[in-house]
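>
2 protein chains.
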Amino acid sequence: MYNFGIAIHGGAGTILKSKMTPEKERAYKDALSIALEAGYARLSSNGTALQAVEDAIEQLENSPLFNAGKGAVFNAVGQHEMDASIMDGKSLHAGAIAAVRNLKNPIKLAHKVLLHSDHVLLIGDGARQFASAFDIEFESDQYFHDELRYQQWQKIKGSENFQLDHAREDKKYLGTVGAVALDQHGNLAAGTSTGGMTNKKFGRVGDSPIIGAGNYANNNTCAISCTGSGEFLMRASTAYDISCRMEYKGLSLEDAAREAVMDRLTQIGGDGGIIGIDRQGNITMPFNCEGMYRASKNQQQTVIKIYKE
Amino acid sequence: MYNFGIAIHGGAGTILKSKMTPEKERAYKDALSIALEAGYARLSSNGTALQAVEDAIEQLENSPLFNAGKGAVFNAVGQHEMDASIMDGKSLHAGAIAAVRNLKNPIKLAHKVLLHSDHVLLIGDGARQFASAFDIEFESDQYFHDELRYQQWQKIKGSENFQLDHAREDKKYLGTVGAVALDQHGNLAAGTSTGGMTNKKFGRVGDSPIIGAGNYANNNTCAISCTGSGEFLMRASTAYDISCRMEYKGLSLEDAAREAVMDRLTQIGGDGGIIGIDRQGNITMPFNCEGMYRASKNQQQTVIKIYKE
Numbered sequence: 048m049y050n051f052g053i054a055i056h057g058g059a060g061t062i063l064k065s066k067m068t069p070e071k072e073r074a075y076k077d078a079l080s081i082a083l084e085a086g087y088a089r090l091s092s093n094g095t096a097l098q099a100v101e102d103a104i105e106q107l108e109n110s111p112l113f114n115a116g117k118g119a120v121f122n123a124v125g126q127h128e129m130d131a132s133i134m135d136g137k138s139l140h141a142g143a144i145a146a147v148r149n150l151k152n153p154i155k156l157a158h159k160v161l162l163h164s165d166h167v168l169l170i171g172d173g174a175r176q177f178a179s180a181f182d183i184e185f186e187s188d189q190y191f192h193d194e195l196r197y198q199q200w201q202k203i204k205g206s207e208n209f210q211l212d213h214a215r216e217d218k219k220y221l222g223t224v225g226a227v228a229l230d231q232h233g234n235l236a237a238g239t240s241t242g243g244m245t246n247k248k249f250g251r252v253g254d255s256p257i258i259g260a261g262n263y264a265n266n267n268t269c270a271i272s273c274t275g276s277g278e279f280l281m282r283a284s285t286a287y288d289i290s291c292r293m294e295y296k297g298l299s300l301e302d303a304a305r306e307a308v309m310d311r312l313t314q315i316g317g318d319g320g321i322i323g324i325d326r327q328g329n330i331t332m333p334f335n336c337e338g339m340y341r342a343s344k345n346q347q348q349t350v351i352k353i354y355k356e
Numbered sequence: 048m049y050n051f052g053i054a055i056h057g058g059a060g061t062i063l064k065s066k067m068t069p070e071k072e073r074a075y076k077d078a079l080s081i082a083l084e085a086g087y088a089r090l091s092s093n094g095t096a097l098q099a100v101e102d103a104i105e106q107l108e109n110s111p112l113f114n115a116g117k118g119a120v121f122n123a124v125g126q127h128e129m130d131a132s133i134m135d136g137k138s139l140h141a142g143a144i145a146a147v148r149n150l151k152n153p154i155k156l157a158h159k160v161l162l163h164s165d166h167v168l169l170i171g172d173g174a175r176q177f178a179s180a181f182d183i184e185f186e187s188d189q190y191f192h193d194e195l196r197y198q199q200w201q202k203i204k205g206s207e208n209f210q211l212d213h214a215r216e217d218k219k220y221l222g223t224v225g226a227v228a229l230d231q232h233g234n235l236a237a238g239t240s241t242g243g244m245t246n247k248k249f250g251r252v253g254d255s256p257i258i259g260a261g262n263y264a265n266n267n268t269c270a271i272s273c274t275g276s277g278e279f280l281m282r283a284s285t286a287y288d289i290s291c292r293m294e295y296k297g298l299s300l301e302d303a304a305r306e307a308v309m310d311r312l313t314q315i316g317g318d319g320g321i322i323g324i325d326r327q328g329n330i331t332m333p334f335n336c337e338g339m340y341r342a343s344k345n346q347q348q349t350v351i352k353i354y355k356e
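Order-wise, the sequence lines are chains A and B. The number in the working numbering is simply the position in the first sequence, starting from 1, with 47 added. The number in the working numbering is simply the position in the second sequence, starting from 1, with 47 added.
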């Protein structure tokens, strides 16, 4: 039996202990724990890595704390447009959706694309039309309304500014959620989901629904989910870059991820972090900014962290 | 001075000499030559690789023979939806657009995204809105009407079938155009443009606008443009895979491209090919199907080919 396990993230960026109250910290950790346990329970009961990834991300999407699903930010016209992707490390099949509105759980639609479509990426109204053949839940705009995020949007609405989720005193929290898992059969999977950037316009799509950029899984190497400044993660193909450094340079997951995030991504000016797991169940969660909401669990230990340590 | 040069493609797939008339063959070769010379002229007069790539692709987009720009196929509702991307190997900046209608030259809008946006990928109506700030030409539906492509669409309209450009007797021609160039200053660039798949629906987006999948450029390694079954190229991150095999395995461009196309892409069942150029001006144009419309030119030689040789 493989050393199964799961890692999740709820976004990275300027997350400072000095700005956090004990209550808020508790709320974030509780939300991470719920998602972590949902995914781990699936693995413990011999479920697939793919399903564990979906289960964990579903919980993160259902929390108002993270920029995905219910907590998705407002775009330039006050809507919530969501992106998500999921990849199966065994078959190398993938599914992704971008710029879809009113989806309760974007990760579930991405999973349907993986399972029931010859395509990898479906966008906008077309993806919504694809969803109609399946039991996919949509919610009213009211479901996604959050007063804090609404105020964030009001502050920059009508300006040329974009914000990666919300800026606190001009600091950035780069909102995305993700999960990676290794199941008892040795199969890897990765998933990523986001509401994008506050006040985004022009149909901007970031790294989260892009296979190789924000998400990648391959049983021969690793499963990776990224969070951070999406444009930089796209230009660096960060998720696949980690896999290539393992496959072609023979690096460990930890070394490959460190090079990709601390060297490559940092060199081009990108902020963010990744979670990764390999075939042996090794887990790594590096980031090059102040903090990353993150957690991991296997038979040996449970980790839930926010700041650098 | 660097050994500047350019390579272009007009798609790959089941292109059989037995199905081609001398007149058609001449028309394709003439169209490739016009694009090749446009890009090469830019390089000869000390222009940038980026501009040479745009110039060559503009000509391919203006030809009705290739599935991009004027020759774009019909989607499921009789529209022409286009995708394109361009990347600068010097800065690693990139611009891409997807699912934009009525664009005369999609590559020009992708280039505007690269130059004038903090974003990498803009889609649909949002990308169209972004275009309005620039001198970007739009054309009527009539401009894109082509009787042959219309008949291809009529054959499968209303069915669940998708075709990669057009099937001839159930054989596939996988339509995309692309260009890669090295300029006199040693800078690399890559561009890709497509009209997608005949009868496509659900907002399907393929590899062409995805940095790392259908397009990639990095002065440290190579510039790559792909064509073929887009979903497989996305799952294999083919363009970035070639760069990684050079950077991390120390392979030549030719060996890296051969491994990525003949081994990796073929193993997962994908059809297609790539054009690539490296910092030394070496050019490679491998494909794993019957043919690929392709051409290259540098100070030593001019090549224009269609079939396997």
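For every residue, glycine included, the Cβ atom is placed at its ideal position computed from N, Cα and C.
(1) Return yes when the Cβ of B:Arg-341 is within less than 8 Å of the Cβ of B:Ile-55, no when it is not.
(2) Only counting runs of 3 or more residues, tell me where the beta strand (DSSP E) segments fall wholly within the stretch 246-275 of chain B, in order along the chain.
(3) Let me check one thing: in DSSP terms, what residues is B:Thr-241 bridge-paired to?
(4) On the DSSP letters alone, give me the boundaries of the beta strand (DSSP E) that B:Ala-123 sits inside.
(5) Is there a Cβ from chain A that is less than 8 Å from the Cβ of B:Asp-165?
(6) So which residues on chain A does B:Asp-172 lean against when the C-beta distance must stay under 8 Å?
(7) Between the alpha carbons of A:Gln-189 and A:Val-120, how many angstroms are there, rounded?
(8) Classify A:Leu-300 as helix, strand or coil using the three-state DSSP reduction.
(9) Can A:Ala-260 and A:Ala-236 be called in contact, C-beta distance under 8 Å?
(10) Cβ closer than 7 Å: which chain A residues qualify as neighbours of B:Lys-296?
(11) Name the chain A residues that come within less than 8 Å of B:Ser-284, Cβ to Cβ?
(12) Which residues in chain B have a C-beta closer than 9 Å to the C-beta of A:Ala-141? List them in chain order.
(13) Is there at least one Cβ from chain B nearer than 8 Å to A:Ala-146's Cβ?
(14) Shorter than 8 Å from the beta carbon of A:Cys-291 to some beta carbon of chain B?
(15) Quick one, are the C-beta atoms of A:Ser-325 and A:Arg-311 less than 8 Å apart?
(16) Got a sec: is the Cβ-Cβ distance from B:Phe-334 to anything in chain A below 8 Å?
(17) Give me, in chain order, the residues of the same chain whose beta-carbon lies closer than 6 Å to that of B:Glu-101; leave out the 5 immediate sequence neighbours on both sides.
(18) Comparing alpha-carbon positions, which option in A:Asp-165, A:Ile-144 and A:Pro-256 lies nearest B:Glu-278?
(19) Against chain A, with Cβ distances strictly below 8 Å, would B:Leu-168 count as a contact?
(20) When you compare the CB positions of A:Ser-272 and A:Gly-225, do they come within less than 8 Å of one another, or not?
(21) Closer than 8 Å between beta carbons: that is the criterion. Which residues of the stretch 314-326 of chain B meet it against chain A?
(22) Nearest-angstrom Cα distance between A:Ile-315 and B:Arg-89?
(23) Residues of chain A with CB under 7 Å from B:Phe-177, in chain order?
(24) Quick one: give me the first and last residue of the beta strand (DSSP E) that A:Met-339 is part of.
(25) Please return the same chain residues whose Cβ sits closer than 6 Å to the Cβ of B:Phe-177, not counting the five positions on each side in sequence.
(26) Rounded to the nearest angstrom, what separates B:Leu-107 and B:Thr-223 at their Cα positions?
(27) So A:Gly-275 packs on A:Gly-320, CB below 8 Å; how close in whole Å?
(28) Find the nearest neighbour of B:Phe-191 within the set B:Phe-113, B:Ile-62 and B:Met-281, judged by alpha-carbon distance.
(29) Which residues does DSSP list as the beta-bridge partners of B:Arg-148?
(30) What's the C-alpha gap between B:Leu-300 and B:Ala-307?
(31) Just to confirm, are A:Gly-57 and A:Ser-343 a CB contact at a threshold of 8 Å?
(32) Take the Cβ of A:Gln-327 as the centre, count every other Cβ of all protein chains shown within 10 Å, and call the residue buried at 16 or more, exposed below.
(33) Along the beta strand (DSSP E) that carries B:Ile-353, what are the first and last residues, could you check?
(34) Is it buried or exposed for B:Thr-349, if we count other Cβ within 10 angstroms and need 16 for buried?
(35) Contact check, B:Ile-104 vs B:Gly-238 under 8 Å by CB: the rounded distance?
Let me lay it out:
(1) Closer than 8 Å, so yes.
(2) Those beta strand (DSSP E) runs which fall completely within the stretch 246-275 of chain B and span 3+ residues are 262-264 and 269-275.
(3) Its beta-bridge partners are B:Asp-130.
(4) Where B:Ala-123 is concerned, there is no enclosing beta strand (DSSP E), given that its DSSP letter is neither H nor E.
(5) For B:Asp-165, at least one C-beta of chain A is nearer than 8 Å to its own C-beta.
(6) Going along chain A in sequence order, the residues near B:Asp-172 (Cβ under 8 Å) are Gly-250.
(7) Near 13 Å, if we compare the C-alpha coordinates of A:Val-120 and A:Gln-189.
(8) In the structure shown, A:Leu-300 sits in a helix (DSSP, three-state: H, G or I).
(9) Not a contact, by the Cβ cut-off of 8 Å.
(10) Those within 7 Å of B:Lys-296 in chain A are Tyr-295.
(11) Under the 8 Å cutoff, chain A gives Ile-258, Gly-259, Tyr-263, Ser-284 and Tyr-287.
(12) In chain order: Glu-278, Met-281 and Arg-282.
(13) Taking a beta-carbon distance threshold of 8 Å, A:Ala-146 counts as an interface residue toward chain B.
(14) By this cut-off, A:Cys-291 is an interface position.
(15) The sequence shown places Asp at residue 325 of chain A, not Ser. Contact: no.
(16) No, no contact with chain A.
(17) Cβ within range, chain order: Ile-154 and His-158.
(18) Distances from the alpha-carbon of B:Glu-278 to those of A:Asp-165, A:Ile-144 and A:Pro-256 put A:Asp-165 closest.
(19) Answer yes: the Cβ-Cβ gap between B:Leu-168 and chain A drops below 8 Å somewhere.
(20) Taking 8 Å as the Cβ cut-off, A:Ser-272 and A:Gly-225 qualify as a contacting pair.
(21) Result list: Ile-315.
(22) Approximately 28 Å, taken between the alpha carbons.
(23) Within chain A, the residues whose beta carbon sits less than 7 Å from that of B:Phe-177 are Phe-249, listed in sequence order.
(24) Segment 338-345, the beta strand (DSSP E) holding A:Met-339.
(25) Closer than 6 Å at Cβ, skipping near neighbours: Leu-169.
(26) So the alpha carbons of these two residues sit roughly 10 Å apart.
(27) Correct: roughly 6 Å between the Cβ atoms.
(28) Here the closest residue by C-alpha is B:Phe-113.
(29) B:Arg-148 pairs with B:Glu-128.
(30) Spanning the two alpha carbons is a distance of roughly 10 Å.
(31) No, these two residues do not count as a Cβ contact at 8 Å.
(32) Result: exposed.
(33) DSSP places B:Ile-353 in the uninterrupted beta strand (DSSP E) bounded by 349-354.
(34) By the 10 Å Cβ count, B:Thr-349 comes out exposed.
(35) Right, their Cβ atoms sit about 5 Å apart.
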